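**Student:** Under the UniProt record's numbering, think of the first position of the sequence shown as 1, with each following residue one higher. The beta carbon of each residue, even a glycine, is placed where N, CA and C say it ideally should be. From a predicted model like this one, the values you see are computed outputs, not experimental measurements. Here it is, the structure in full.
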Amino acid sequence: MAAVGRSVNRLYVLPLHITRQVCLAAKQEEEAWRWHARFGHFNFDALEKMAKKEMVQGLPMIEHVGELYDSCLAGKQRMQPFPKKAKFRAQDPLELVHGDMCGPIRPATHDGWRFFLLLLDDHSRYMWLRLLTAKD
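Rendered as structure tokens:
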């Protein structure tokens with residue numbers, strides 16, 4: 001447990017005191033990648049700005065690294081939103097019917113129904129539901 005106070009600029013300050021000093025030798029580039037990973041694959045430009053403004057205690061001056069992990073790029077990709085309207089819509093009733101069968105349902109209903117078939121007319125959006133005892 002630690003008591004943490006908020007500074008004037010609404011940032012939380014958490015002073016950490018390392019009890020055992022450890023000497024690690026690393027190249028500047030490796031150090032940059034280490035901090036990049038520590039901050040959840042944060043942007044190198046943003047890490048460089050944070051170091052210049054001394055926003056993080058212990059963060060060394062970071063040179064911009066030109067390489068990127070494949071996982072960094074994959075994590076930043078966004079999915080395109082689903083289209084609001086279908087590309088094709090039936091012009092007449094029963095021109096296009098969508099169907100879905102579900103089952104076996106356990107336990108079966110009191111009358112022994114274990115499957116159901118749902119049909120949807122694309123034009124009118126009318127639905128039919130049929131209870132079935134078997135798939136065939």
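In this structure, what does DSSP give as the bridge partners for His98?
**Tutor:** Beta-bridge pairing links His98 to Leu120.
**Student:** Nearest-angstrom Cα distance between Arg114 and Ala134?
**Tutor:** Here the C-alpha atom of Arg114 lies approximately 7 Å from the C-alpha atom of Ala134.
**Student:** Assess contact between the stretch 80-95 and the stretch 116-123, defined as three or more Cβ pairs (one per stretch) separated by less than 8 Å. Is contact present?
**Tutor:** In short, these stretches touch, since the Cβ pair count reaches three.
**Student:** May I have the straight-line CA-CA distance separating Met50 from Arg78, to the nearest angstrom?
**Tutor:** 26 Å
**Student:** So, helix, strand or coil for Met127, using DSSP?
**Tutor:** strand
**Student:** Buried or exposed: where does Ala32 fall if 16 or more other Cβ atoms within 10 Å of its Cβ makes it buried?
**Tutor:** buried
**Student:** From the DSSP output, in three-state form, read off Leu47 for me.
**Tutor:** Under the three-state reduction of DSSP, Leu47 is assigned to helix.
**Student:** Could you pull out every residue in the same chain whose Cβ sits closer than 7 Å to the Cβ of Pro60, ignoring the five residues on either side in sequence?
**Tutor:** Glu31 and Ala51
**Student:** Give me the Cβ distance between Asp100 and Leu118, rounded to the nearest whole Å; I'm assuming they're in contact under 8 Å.
**Tutor:** 5 Å
**Student:** Going by beta carbon distance, what residues of the same chain come within less than 7 Å of Val56, once the five residues before and after it are set aside?
**Tutor:** Met50
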